[in-house]
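J.: Questions regarding the structure given below will be posed in turn.
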Amino acid sequence: MRDGHDEARVLLTVGRLVEPLTGRHWEPPAVAREVSARAARFRRAGLRPGDRVFLHFGNRLEFFAELLAIWRLGAVAVPVDGGLTRVELERLAEVVAPRFSVVDGATDAAVARALPSGVAVVDAAESLPAAEIASDAARPGDDALVLFTSGSSGVPKGVVHTHASLAARWRALERELGLAAYARTLCLLPTHFGHGLICNSLFPWLGGQDLFVTPPFRPDLLIRLGALVDEHRITFLSSVPAVWRLALRVARPPRGGTLRRVHCGSAPLPATVWEGVQGWAGTREVFNTYGLTETGSWVAGTSAGEFTPADGLIGPPWGATLHVRRAADGAACGPGEVGRVWIESPALMRGYLGRDDLTRQAIVDGRFATGDLGLLDERGWLHLRGRERDEINKGGMKIAPAEVDAAAEGCPRVADVCAFAMDDPLYGQNVGLAVALTDRGDAAVRELYAWMRERLSEGKLPARWWLVDAIPRSERGKVNRDGVREACADRPPLDLARIVGER
Amino acid sequence: MRQRHRERVLEFLRTIQKPDRPLDAVAETDSLVESGLIDSLALLEIVTFLEAQYRIDFAAIGLEPEQLTSVSGILDLIEREAR
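So the protein sequences, as listed, match chains A and B. The numbering of the first sequence is the working numbering, which starts it at 1 and goes up by one. The numbering of the second sequence is the working numbering, which starts it at 1001 and goes up by one.
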């Protein structure tokens, strides 16, 4: 797809861009015109190489044109969740220090108020005169993309990828998987997620394949998924297990026989769901994929040889070396022995934005500590066996419980708090919250709820709340989240709808 | 009969709704997702509820999005398909 000195160049061989819901589409020449016009607008407004640009929207044609325009000027794109609260956005702006912020018609007006003065706000919907930007300013080692993940210290971490690391991921995927199956790719995932953006969207599209992009997680779309696949002769789509749990129940299978391959990732895929997707899609090429934002998403998957869906089965690496090492002494585990999973890959992130300390902890001798536990079998295939770190995986969205704790702890009504992962039939996991309040009355619960709403975006808000007298901690002050979860499991949660509804 | 179904559906929706979106403020024809009452994937919980309570076989009947996205759509579906 790319080689040598062209590594950082964008807009080499893009495919068509299509919004199936609206019918809007851009052929490659139209994409080129849009990118040039937007790059010229940024240049006139003073965007320089290395500047960072927030993108507050996604999953539409303009998002991809803005992204490539930013890259052509050597600047850095920072796609963010359009549903962030003002507090979350202010925190990200402190870390990112953006020069520009790109919004669309659906962006909340509060976004502009949350940004520091001096950040120029650009409307992606504004019509622009045609312009020509002759060449790319980006070099392979330049930062290209920052994507935020929930941080275990309570502060979101900005994962920085360079043009070289992204290109390395796409080259590896093309080598391992080819491009033919991705000829007409559907993206249902959010484009501010590594999985949705780097792999589901940009890997096929920047390789010249057509990309069909929809708003993420729309229920009417999932109900019509089979019809959508048929209507647009989709050959490939990727998603997360939570989406498949719904689609398998409500969407009739495609009938056209166009679907050649499906990926599922970002959360554990139960074997029963896996087999269900194979039956629904009419292909055995349903690959359970593994990857993290820090690795440029997909680094392994069930793509080779014969396999039978099994809980935890991933498969061989894709352009990476997988290591499983003992926790005690760091020695390499033998086949079948469970240990910590490390990844070595040219597609690794450059680091966490402004957090060299965290980067040094995460990348040791060029290997990334995933925080996952697993084993390599005799074939070198990866099987996951759990997660070593505190993390709540809500339908593919990774939430650090410490981030939820940190949001609650500032509330004057809170004496102590512990967020934890609880089983959820829909998402796999969801956020539970045990909280000790200074006052157990409903008014205090309402106050804390309002406090949390201001500080956490909707997806991170705890789904179930329990009032407790105290959070048990070790002598070192460490909380045992599993223990708190087990203690809460025997008791009914608060009737939050009644309490909050009584305002 | 529709009123009884309505009460059961609303009672169920109260168990899955977001706390700060009063159910009473959502009109019967409003989209449950677009009004913010539930998130999009919570439709699976509605499907599970209808399968269990009314023995509606979604695999057999097929489904149009409008049938599940509002209270009135759900009630129409129950009246037509409940066994």
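C-beta atoms are modelled at their ideal positions from N, C-alpha and C, and glycine is treated no differently.
Hey, how far is the Cα of Val1071 (chain B) from the Cα of Asp1020 (chain B)?
T.: As a position in the second sequence, residue 1071 (chain B) is number 71, starting the count at 1. As a position in the second sequence, residue 1020 (chain B) is number 20, starting the count at 1. Answer to the nearest angstrom: the Cα atoms are 18 Å apart.
J.: Curious, which full-length beta strand (DSSP E) runs of at least 3 residues does the stretch 322 to 393 of chain A contain?
T.: 339 to 344, 367 to 376, 382 to 387
J.: Return the chain-ordered list of same chain residues with a C-beta closer than 7 Å to the C-beta of Ala97 (chain A), the five sequence neighbours on each side being excluded.
T.: Counting from one through the first sequence, the residue named residue 97 (chain A) turns up at place 97. The residues are Arg52.
J.: Looking at chain A, is there any beta carbon in it that lies within less than 9 Å of the beta carbon of Asp1076 (chain B)?
T.: For the purposes of this step, residue 1076 (chain B) is taken as residue 76 along the second sequence, with counting starting at 1. By this cut-off, Asp1076 (chain B) is not an interface position.
J.: Give me the residue from A:Ala183, A:Phe212, A:Thr302, A:Pro216 with the minimum Cα distance to Leu189 (chain A).
T.: On the first sequence, position 189 is the one that residue 189 (chain A) refers to. Residue A:Pro216 is the option with its Cα nearest to Leu189 (chain A).
J.: Taking Asp404 (chain A) and Pro462 (chain A) to be in contact with their CB atoms under 8 Å, please state how far apart those CB atoms are, rounded to whole angstroms.
T.: The residue given as residue 404 (chain A) occupies position 404 in the first sequence. The residue given as residue 462 (chain A) occupies position 462 in the first sequence. The displayed chain sequence assigns Val, not Asp, to residue 404 (chain A). Their Cβ separation, rounded to whole angstroms, is 7 Å, which keeps Val404 (chain A) and Pro462 (chain A) in contact under 8 Å.
J.: Note the first and the last residue of the continuous alpha helix (DSSP H) segment covering Trp451 (chain A).
T.: The residue given as residue 451 (chain A) occupies position 451 in the first sequence. Per DSSP, Trp451 (chain A) belongs to the alpha helix (DSSP H) from 442 to 455.
J.: Are Gly428 (chain A) and Ala227 (chain A) touching if we call contact CB-CB under 9 Å?
T.: Numbered from 1 along the first sequence, position 428 holds the residue referred to as residue 428 (chain A). Numbered from 1 along the first sequence, position 227 holds the residue referred to as residue 227 (chain A). No. Outside cutoff.
J.: Using 8 Å for Cβ pairs, my map puts Phe100 (chain A) next to Phe42 (chain A). What's the rounded Cβ distance?
T.: For the purposes of this step, residue 100 (chain A) is taken as residue 100 along the first sequence, with counting starting at 1. For the purposes of this step, residue 42 (chain A) is taken as residue 42 along the first sequence, with counting starting at 1. 7 Å between Cβ atoms; contact.
J.: By the 9 Å beta-carbon criterion, what residues does the stretch 1054 to 1072 of chain B contribute toward chain A?
T.: Phe1058, Ala1059, Gly1062, Leu1063, Glu1064, Pro1065, Glu1066, Gln1067, Leu1068, Thr1069
J.: I need the straight-line Cα distance from Arg1006 (chain B) to Leu92 (chain A), nearest angstrom please.
T.: On the second sequence, position 6 is the one that residue 1006 (chain B) refers to. On the first sequence, position 92 is the one that residue 92 (chain A) refers to. Their backbone Cα atoms lie some 44 Å apart in a straight line.
J.: Below 9 Å between beta carbons: does that hold for Leu433 (chain A) and Ala408 (chain A)?
T.: In the first sequence, residue 433 (chain A) corresponds to position 433, counting from 1. In the first sequence, residue 408 (chain A) corresponds to position 408, counting from 1. For Leu433 (chain A) and Ala408 (chain A), yes; Cβs fall inside 9 Å.
J.: Starting from the beta carbon of Ser1035 (chain B), find every residue of chain A whose beta carbon is closer than 7 Å, and list them in chain order.
T.: Indexing the second sequence from 1 puts residue 1035 (chain B) at position 35. Those within 7 Å of Ser1035 (chain B) in chain A number zero; the least Cβ separation is about 13 Å.
J.: With 9 Å set as the bound, which would you pick, yes or no: does the beta-carbon of Val1047 (chain B) sit closer than that to a beta-carbon of chain A?
T.: Translated into the one-based positions of the second sequence, residue 1047 (chain B) becomes position 47. At least one chain A Cβ lies under 9 Å of Val1047 (chain B).
J.: Starting from the Cα of His323 (chain A), find the closest Cα among A:Asp311, A:Gly312, A:Ala310, A:Glu337 and give me that residue.
T.: Within the first sequence, residue 323 (chain A) is the residue found at index 323, counting from 1. With distances taken between Cα atoms, His323 (chain A) lies closest to A:Glu337.
J.: Measuring CB atoms only, is the stretch 171 to 179 of chain A touching the stretch 359 to 379 of chain A, in the sense that at least three cross pairs come out at less than 8 Å?
T.: no
J.: Please classify Asp490 (chain A) as buried or exposed, where buried requires at least 16 other C-beta atoms within 10 Å of its C-beta.
T.: Within the first sequence, the letter at position 490 stands for residue 490 (chain A). Classification for Asp490 (chain A): exposed.
J.: Once DSSP output is grouped into helix, strand and coil, what is the label at Phe307 (chain A)?
T.: On the first sequence, position 307 is the one that residue 307 (chain A) refers to. Note: Phe307 (chain A) maps to coil in three-state DSSP.
J.: When you compare the CB of Gly4 (chain A) with every CB in chain B, is at least one pair closer than 9 Å?
T.: Numbered from 1 along the first sequence, position 4 holds the residue referred to as residue 4 (chain A). Caution is warranted here: a pLDDT of 41 is assigned to Gly4 (chain A), below 50, making its placement in the model unreliable, and no coordinate value can be reported.
J.: Run through chain A and tell me which residues come within less than 7 Å of Arg1014 (chain B), C-beta to C-beta.
T.: For the purposes of this step, residue 1014 (chain B) is taken as residue 14 along the second sequence, with counting starting at 1. The answer, in chain order, is Ala497.
J.: Could you run through the stretch 226 to 245 of chain A and flag, in chain order, every residue whose CB is less than 7 Å away from some CB of chain B?
T.: Ala242, Arg245
J.: How would you list, in chain order, the residues of chain A whose beta-carbon sits under 8 Å from the beta-carbon of Ala1042 (chain B)?
T.: In the second sequence, counting from the first residue as 1, residue 1042 (chain B) sits at position 42. Within 8 Å Cβ-Cβ: Leu426.
J.: Is there contact between the stretch 280 to 287 of chain A and the stretch 255 to 264 of chain A, where contact requires at least three CB pairs shorter than 8 Å?
T.: yes
J.: Going by C-alpha to C-alpha distance, which of B:Ala1025, B:Arg1002, B:Ile1078 sits closest to Ala1052 (chain B)?
T.: In the second sequence, residue 1052 (chain B) corresponds to position 52, counting from 1. Cα-wise, what sits closest to Ala1052 (chain B) is B:Ile1078.
J.: Beta-carbon within less than 6 Å of Tyr1054 (chain B)'s beta-carbon, same chain only, minus the 5 sequence neighbours each way: which residues are those?
T.: On the second sequence, residue 1054 (chain B) is found 54 positions in, with the first residue counted as 1. Only Ile1078, Ala1082 meet the Cβ criterion.
J.: In this structure, how does DSSP classify Trp318 (chain A) when only helix, strand and coil are distinguished?
T.: Residue numbering aside, residue 318 (chain A) sits at position 318 when the first sequence is read from its first letter. If DSSP states are grouped into helix, strand and coil, Trp318 (chain A) belongs with coil.
J.: Specify the secondary structure class of Cys264 (chain A) as computed by DSSP and reduced to three states.
T.: For this step, residue 264 (chain A) is matched to residue 264 along the first sequence. Note: Cys264 (chain A) maps to strand in three-state DSSP.
J.: Could you tell me which chain A residues have their CB closer than 8 Å to the CB of Gln1017 (chain B), listed as they occur along the chain?
T.: Residue numbering aside, residue 1017 (chain B) sits at position 17 when the second sequence is read from its first letter. Ordered by position in chain A, the residues that pass the 8 Å Cβ test against Gln1017 (chain B) are Ala497.
J.: Let me know if Asp372 (chain A) comes out buried or exposed under the rule of 16 or more other beta-carbons within 10 Å of its beta-carbon.
T.: Counted from its first residue, the first sequence places residue 372 (chain A) at position 372. Under this definition Asp372 (chain A) is a buried residue.
J.: Going by DSSP in three states, Thr272 (chain A) sits in which element: helix, strand or coil?
T.: For the purposes of this step, residue 272 (chain A) is identified with residue 272 of the first sequence, where counting begins at 1. Correct three-state label for Thr272 (chain A): helix.
J.: Quick check: the stretch 473 to 484 of chain A against the stretch 440 to 449 of chain A, are at least 3 beta-carbon pairs closer than 8 Å?
T.: no
J.: Considering only residues of the same chain and omitting the five flanking positions on each side of Glu231 (chain A), which have a CB-CB separation below 8 Å?
T.: Numbered from its first residue, the first sequence carries residue 231 (chain A) at position 231. Within the same chain, Glu231 (chain A) has close Cβ partners Pro20.
J.: Would you list, in sequence order, the uninterrupted alpha helix (DSSP H) runs of no fewer than 4 residues that lie entirely inside the stretch 60 to 84 of chain A?
T.: 61 to 72
J.: State whether the stretch 342 to 349 of chain A contacts the stretch 308 to 320 of chain A, with contact taken as three or more CB pairs (one from each stretch) at a distance under 8 Å.
T.: Output reads yes: the stretch 308 to 320 of chain A touches the stretch 342 to 349 of chain A.
J.: Measure from the alpha carbon of Trp384 (chain A) to the alpha carbon of each residue in A:Ala180, A:Val431, A:Pro316, A:Ala362, then state which is nearest.
T.: On the first sequence, position 384 is the one that residue 384 (chain A) refers to. Before going further, note that residue 384 (chain A) is Leu rather than Trp in the sequence given. The option with the nearest alpha carbon to Leu384 (chain A) is A:Pro316.
J.: Against chain B, does Leu131 (chain A) count as a neighbour if the rule is that its beta carbon must be under 9 Å from one of theirs?
T.: The count along the first sequence starts at 1 and reaches residue 131 (chain A) at position 131. This sequence places Ala at residue 131 (chain A); Leu is not what is there. So no, Ala131 (chain A) is outside the interface.
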